[in-house]
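Every number in this note's numbering is 635 more than the matching position in the sequence shown, counting from 1. No residue lacks a Cβ here, since even glycine has one placed at the ideal position from N, Cα and C.
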Amino acid sequence: MDDNMRNAWLDMISKIYSNLHNSDRVLKASNVSDKKRERLLKYFERLEKLHNKVSKTKSVNGEKLLKSFYYDLYVIKPENIPDTYFQNQVRLARERGYGNIELTEEDKMRKTEEVIDDQKKTLDKWIEYFLYDEESKSYEMWEKYWVFQGLQTLGKYDKETGKFSKRDKTTVYPFPPVEREYIFTTLKLMEDFLKDKKSEEDIKQALSTGNFKLLYEYVIKQSFLKGEHQSNSDDGKWIKYEQGSDYNILRDSLQGYYTGWCTAAGENFAKSQLTGGDFYVYYSLDKNGEAKVPRIAIRMDGKYEIGEIRGIADNQNMEPEMMPILEEKLKEFPDKDKYLKKEHDMKLLTLIDKKVNNNIELTLDELKFLYELNNKIEGFGYEKDPRIEEIKSKRNKRRDYSLIFNVKEEEVALSQEEYNNYSGEFKVLVDDFDLNNIIWNDHIPTSSDSSISMLLDFILDFNILTNNDGIILPQYIVGNLYLNELANANKLVFPKFISGSLSLSHLTNAKEVVLPQYIGGDLYLRGLTNIEKLELPQNIDGDLILDNLTSSNNLILSQHIGGYIYLNRLKTVDNLKLPYGFDLNRLYCPYNIKEEIMNNPDKYYMAPPTEEDKKGIKR
636 MDDNMRNAWL DMISKIYSNL HNSDRVLKAS NVSDKKRERL LKYFERLEKL HNKVSKTKSV
696 NGEKLLKSFY YDLYVIKPEN IPDTYFQNQV RLARERGYGN IELTEEDKMR KTEEVIDDQK
756 KTLDKWIEYF LYDEESKSYE MWEKYWVFQG LQTLGKYDKE TGKFSKRDKT TVYPFPPVER
816 EYIFTTLKLM EDFLKDKKSE EDIKQALSTG NFKLLYEYVI KQSFLKGEHQ SNSDDGKWIK
876 YEQGSDYNIL RDSLQGYYTG WCTAAGENFA KSQLTGGDFY VYYSLDKNGE AKVPRIAIRM
936 DGKYEIGEIR GIADNQNMEP EMMPILEEKL KEFPDKDKYL KKEHDMKLLT LIDKKVNNNI
996 ELTLDELKFL YELNNKIEGF GYEKDPRIEE IKSKRNKRRD YSLIFNVKEE EVALSQEEYN
1056 NYSGEFKVLV DDFDLNNIIW NDHIPTSSDS SISMLLDFIL DFNILTNNDG IILPQYIVGN
1116 LYLNELANAN KLVFPKFISG SLSLSHLTNA KEVVLPQYIG GDLYLRGLTN IEKLELPQNI
1176 DGDLILDNLT SSNNLILSQH IGGYIYLNRL KTVDNLKLPY GFDLNRLYCP YNIKEEIMNN
1236 PDKYYMAPPT EEDKKGIKR
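Below, the structure is given as structure tokens:
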């Protein structure tokens, strides 16, 4: 490198780090009388001698000392790990199905050590690159310094925005991987600029200020635009990484593709993934025809249960074109059904998105699906698919709701305020419903309000009531219905549909009570000791709690119960019929009764549901 280029680099670094020439470490390598540029030059020459001594001798102790020096400068300190990190760990555990966990101080210490260890190991890659890599030997020490300092500004990469989050002393995320091509291109851009001060307009400011982060993001973006780390092909192959195998092989295969998967981050992430179970990755073909571009990840909990599935679309959702490949793969797994539901939802959402963008009318079923009236739309990401709200924002919601419920548009209230302030009669309310206001105003919903339905995303709490007093409830409730103090439900007209739970814990007389056809949560009937002509819902997605019932006479169970059945005090099993295919492990009753059922399954199980029955179960 000629003197002019060297001086341009030194001046640029001096501009970025304006007080570097006065720092203790620079002054130790130079004289006070030296000018700014000369001080920096001597400092970089001294730094280069130190690094060359380690790289040429490959001194283990020398490398350890050098790494320790950089750890002290750049690796997060235990006291700087924010509480939000531990809170996120609790949240992630819940999302992955581990329940509401509490982190002990020991747990926090262990996770702190993992964060620090991952940062050290990822920083090691950069240190070793600049010490030993043949390519890096062509770089001058001030270039290495600029890159290495720039590295300290890079947090987690967001593929959607094409930007790194800002790294500071509280950043827990590991350092990004060493991308040789990106480093070289970024340095070349800066060198060309220093040579003639010419540049592309969109990076001129980044170059003039020496902003490594902005330039590095630009280089990555250009690479993706060129398709250098992408695939235009769906063809490829699945690779299985066995539980307990070398996690580095898995992690290294994901570097540079910015999938967003935590498996590609620190080594402890990848290690924990393979400790917990097998790991499958689908790689599609790159521009050289090699299966190297990661598109789908399947993490197993143990050998047989799927832990999670991730794609590389926004929020780690699945790309539409990857759906057939995933569907075929899922046939190999015993718990595929719940994932096929997600796959179905993503396909239908993609179809709806296309129809809306092309001004094609949606069917009634598609509208109900979009507004999640019967089921929540499930995807493969950590968060709700952003397309749902994007599609809704393009729709006339009042018109959509009027079509769904077969009412006039003017009968749809889109807010509680609108409902309260309008003198006319609304049949549909699209908002949370403040029942307390209704009670305080001596107004209980009657039959005229019956279509305030399916969109009342609230909890109806009638715990203050001891009798029904002729109350007529809405036909549909999206939420829970609590009538815990109600002892007698005679003449009470229940909703046809409750998306949440129905609690009738103090109900002692169930004579001629007609319950909802569908309950999406639990049904509590703890006050009943015997049943006379009680017709249970056709479908209960949650638990059925009849834990004080002593006799099964006249008990006609639902055709589908998704949770547990509690019959803890049952003394006789006469005439009991369990739903077809119901798992006895989900039945709580005296052991002698369970044994009787086990020995005579044909006697105590319903016949398979008919097609008409299935339609009813599916709502």
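By the DSSP assignment, the beta strand (DSSP E) with residue i in it spans what residues?
i, result
"L920", "914-920"
"P929", "926-936"
"W644", "First-last for W644: 638-651, but that is the alpha helix (DSSP H), not the beta strand (DSSP E)."
"G942", "940-945"
"Y792", "789-793"
"S800", "798-801"
"K872", "871-876"
Between the alpha carbons of residue i and residue j, how many angstroms are there, rounded?
i, j, result
"T985", "K1032", "19 Å"
"G871", "A932", "13 Å"
"K1029", "V991", "8 Å"
"N1119", "L1181", "14 Å"
"L766", "W896", "29 Å"
"L1158", "A1124", "15 Å"
"L1049", "P1021", "22 Å"
"P1172", "Q951", "38 Å"
"K982", "L1163", "45 Å"
"L1202", "F1217", "14 Å"
"R672", "T844", "18 Å"
"D707", "E1013", "44 Å"
"L676", "T747", "39 Å"
"E1044", "L1038", "8 Å"
"P959", "N1165", "51 Å"
"L1169", "N1144", "10 Å"
"F704", "Y720", "26 Å"
"V1262", "L961", "In the structure as shown, the chain starts at 636 and stops at 1254, and residue 1262 therefore has no counterpart that could be examined."
"D577", "P929", "Missing from the structure shown is residue 577; the chain here goes from 636 to 1254 and no further."
Given a threshold of 16 other Cβ atoms within 10 Å of its Cβ, counted over all protein chains shown, does residue i qualify as buried or as exposed?
i, result
"L999", "exposed"
"R745", "exposed"
"V750", "buried"
"K1011", "exposed"
"E740", "exposed"
"V1047", "buried"
"E778", "buried"
"E943", "buried"
"L1184", "buried"
"K977", "buried"
"P713", "exposed"
"S1082", "Residue placement at S1082 is poorly supported in this model, since its pLDDT is 39, which falls under 50; the coordinates still yield a value, given next. Exposed, by the Cβ-count rule."
"V667", "exposed"
"K918", "Before going on, a small fix: residue 918 reads as Tyr here, not Lys. Buried, because 16 or more other Cβ atoms sit within 10 Å of the Cβ of Y918."
"T757", "buried"
"L1090", "Its pLDDT being 38, under 50, L1090 is placed unreliably in this model, and the value from its coordinates should be taken loosely. The residue is buried, with at least 16 neighbouring Cβ atoms inside 10 Å."
"I716", "buried"
"M1233", "exposed"
"N903", "buried"
"G879", "exposed"
"A905", "buried"
Between which two residues does the alpha helix (DSSP H) harbouring residue i extend?
i, result
"G911", "902-911"
"S690", "671-692"
"N1040", "In the sequence under discussion, the amino acid at residue 1040 is Phe, which differs from the Asn named in the question. Residues 1032-1040."
"G845", "Where G845 is concerned, there is no enclosing alpha helix (DSSP H), given that its DSSP letter is neither H nor E."
"I818", "815-831"
"R1204", "Here R1204 belongs to no alpha helix (DSSP H), and DSSP marks it neither H nor E."
"S880", "Run containing S880: none; DSSP gives neither H nor E here."
"Y774", "From DSSP, Y774 is part of no alpha helix (DSSP H); its letter is neither H nor E."
"F704", "695-709"
"F765", "740-767"
"K1027", "1022-1028"
"V1148", "Run containing V1148: none; DSSP gives neither H nor E here."
"D659", "659-662"
message: Measuring CB atoms only, is the stretch 874-889 touching the stretch 842-853, in the sense that at least three cross pairs come out at less than 8 Å?
response: no
Touch test, the stretch 1151-1160 against the stretch 1126-1135, Cβ-Cβ under 8 Å, three pairs minimum: yes
task: State whether the stretch 928-942 contacts the stretch 956-969, with contact taken as three or more CB pairs (one from each stretch) at a distance under 8 Å.
output: yes
- request: Evaluate the contact criterion for the stretch 640-653 versus the stretch 825-836: three or more CB pairs, one atom per stretch, below 8 Å.
  value: yes
- prompt: Fully enclosed by the stretch 942-1003, which alpha helix (DSSP H) runs are 4 residues long or longer?
  reply: Segments of the alpha helix (DSSP H) lying fully in the stretch 942-1003: 958-965, 971-992.
query: Do the stretch 786-794 and the stretch 803-817 touch if we need at least three Cβ pairs shorter than 8 Å?
result: yes
- request: Please specify which runs of the alpha helix (DSSP H), each continuous and at least 4 residues long, are wholly inside the stretch 1196-1246, giving them in chain order.
  value: For the stretch 1196-1246, whole alpha helix (DSSP H) runs of length 4 or above, ordered along the chain, are 1226-1234, 1236-1239.
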